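In our numbering, the protein residues as written are 149 to 817. The beta carbon of each residue, even a glycine, is placed where N, CA and C say it ideally should be. Computed from a predicted model, the values in this text were never measured in an experiment. Scroll down for the structure; my scribbles are underneath it.
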Ligand code: DMJ
């Protein structure tokens, strides 16, 4: 209110005072309004950003739904050659798929901060709806090709290209299952597929770990094989030799792809295209390691993307390994020189023997390489190994770890499901799975071997823990390698895929071994498991010798958690995986990547300064999958090689990408 005026007060002064008072009032109100406004904007931005990140998660799922081979198949076949009833059923399923997509339609968000992300989202939705619209197109006669350097779509990028069926063979869409369904997934024991949902929070944590591992490798060791996080330099003195083969890139790239880390994936692809070659170097490579990491990694990337680059590189690497197979028996040597082709075995390996887990872990990659290149040579090489192993006499039905490639005779009679033996058994089961269960010989050899192992090597400790011992001649060594912890998952997968006399036992032992490996973790103060652990009256699931107490970021225990989770949906496997994530973060994480530990039994263990390539390829991949739902790499469509590179199952997976023509055997070279 204005003060009363006297006649002597100049009117102008009064007017001025009134003006100032009004001005102050207006300014105050405006300021308050502005503060509120900026709060509202900030709030809107937060809502938008939260909503975008939630929606991004949804988009990933949406695109998995759309890109899922089963759904692609449904789309392709909705109007294509089915009987009336089947067609109706497919159309109904397709309808559900579309409804699912509509439910994921995102709310309109107008805050400025969301615009860039929303543009991405809109493109993704557009691509997703185009993918839906291919439903009436007939399947193409050849696989989709991508030109070199073409941006091959990630799972989250809304791949709209129709996918081929597997080489013209009938692709049966796997049915969904529940407790009352007939035995599944392939005629084995029932399992509960009432599907675990995604645990976003935990899965996102694993993605962050992958980003940390990758970015530091990129910063300090790009193009080299592995990273030394403590000294922030490359790790070269390793199984890959001194050459810069980018082992971490090739091994980790499919994990980036699965996680939808597009920028990082493209960096890796670009490096492979420009730099990766084994020409003009004279490296002495391990046939086994090179196969499982490099050939396996490239094959998975080819299956995922159809990018010819990866097929060429896989073949390039495999060709460099071929001289190792030039032995009187066809059992390959362990090492081969990439320039001279000269091959040899390790001096320490039982009188010049080759190693079972090495020459017995080539089958999946070589068989698949033949199918996608149309060159039968690779499959012939591993079939020869198979025949030697099938025909040779097996002491007590077991396979010793050493075989002489010249004489075809066993070396020392040491048997193990850990070091030197492990993945041979894995590849018997998985060769059968990969073939769409047509390679019956492999399944028979698997069952025979595992039944002998159950009888001669699997034992129960006084405290009730199931473990698998090593066997040396006739003596059991009551010790289990960390490496053997993969066998929990292997036994369970064997049970889940065929109903036979051993099914229940396989599942019981698979669960038991997985539990024991978990015990080996939680009995250590770091909550991480040692390299080997022993069983006696005095100790159980504990390392005794100093050289057994280290942990090098190995994946095998988490691999079994993942397989058992998929087969049982028992929450404890996810809980155990999360315990491991926390332990890795607490003890293995450094500002510049992840290290192994020298002694898991110390409260503050020393770190080993190596970020293994398999940490990115396997450890983080299995943990990521553990917190994903079952539609991400379903086990009835994908089979994991021993380095966790998933390969498609023939006849069940539209990503198989079989070559249209196969060369006759005699023309193969
Ligand atoms: C990996 O390279 C493979 O899993 C292999 O089969 C065994 N060892 C490592 C991981 O521990």
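Residue 631 has its Cβ nearer than 7 Å to a heavy atom of ligand 1.
Placement of the Cβ of residue 679 at a distance of 7 Å or more from every heavy atom of ligand 1 is found. Residue 674 and residue 755 have their alpha carbons spaced roughly 12 Å apart. For residue 507, the distance from the CB to the nearest heavy atom of ligand 1 is not below 7 Å. Closer than 7 Å to some heavy atom of ligand 1: that describes the Cβ of residue 702. Inter-residue distance for residue 405 and residue 448 is about 10 Å (C-alpha atoms, whole angstroms). Short note on residue 668: C-beta not closer than 7 Å to any heavy atom of ligand 1.
Counting the other Cβ atoms within 10 Å of the Cβ of residue 552 gives 16 or more, which makes it buried. Just so you know, the alpha carbons of residue 718 and residue 510 end up roughly 33 Å apart. In its chain, beyond the 5 residues on either side, 481, 553 and 554 have a beta carbon closer than 7 Å to the beta carbon of residue 475. Excluding sequence positions up to five before and after residue 436, its CB lies within less than 8 Å of the CB of 482, 503, 505, 506, 507, 509 and 510, all in the same chain and listed in chain order. A straight-line Cα-Cα distance of about 11 Å links residue 704 and residue 771. Where residue 788 is concerned, the enclosing beta strand (DSSP E) starts and stops at 786–788.
The beta carbon of residue 439 is closer than 6 Å to those of 510 and 513 in its chain, skipping five residues each way along the sequence. If you keep only unbroken alpha helix (DSSP H) runs of at least 4 residues inside the stretch 523–584, you get 525–539 and 570–582. In the three-state reduction of the DSSP assignment, residue 685 falls in the coil class, being assigned neither a helical nor a strand state.
Relative to the Cα of residue 592, the nearest Cα in the group 621, 630 and 534 belongs to 534. When the five nearest sequence neighbours on each side are left out, the beta carbons in the same chain lying within less than 7 Å of the beta carbon of residue 606 are those of 614, 616 and 657, in order along the chain.
In the DSSP assignment, residue 615 falls within the beta strand (DSSP E) that extends over 614–616. Proximity of the beta carbon of residue 570 to ligand 1 is indicated: a heavy atom of the ligand is located closer than 7 Å. Contact check for residue 347 against residue 722 passes: the beta carbons are separated by less than 8 Å.
Straight across, the Cα-Cα distance linking residue 634 with residue 708 is about 6 Å.
Ranked by how close their Cα comes to the Cα of residue 802, the residues 402, 378, 629 and 452 have 452 in first place. The stretch 349–363 and the stretch 390–407 touch, with three or more beta-carbon pairs separated by less than 8 Å.
Judged by DSSP secondary structure, residue 599 falls within the alpha helix (DSSP H) whose first and last residues are 588–604. The alpha-carbon separation between residue 776 and residue 354 amounts to approximately 11 Å. The closest heavy atom of ligand 1 lies less than 7 Å from the beta carbon of residue 790.
In the DSSP secondary-structure assignment, residue 699 is bridged to 745.
Scanning 517, 622, 446 and 729 for the CA closest to the CA of residue 583 turns up 517. Between residue 713 and residue 557, the alpha-carbon positions lie close to 40 Å from each other.
Burial check for residue 564: the Cβ neighbour count within 10 Å reaches 16 or more, so the residue is buried. In terms of Cβ geometry, residue 548 and residue 561 form a close pair [threshold 8 Å].
Within the stretch 617–670, the runs of alpha helix (DSSP H) that reach at least 4 residues and sit entirely inside it are, in chain order, 635–645 and 651–670. The three-state secondary structure of residue 434, taken from DSSP, is strand. A Cβ-Cβ separation of about 6 Å places residue 520 in contact with residue 459 under the 8 Å criterion. Minimum Cα-Cα distance from residue 724 among the listed residues 741, 716 and 706 corresponds to 706.
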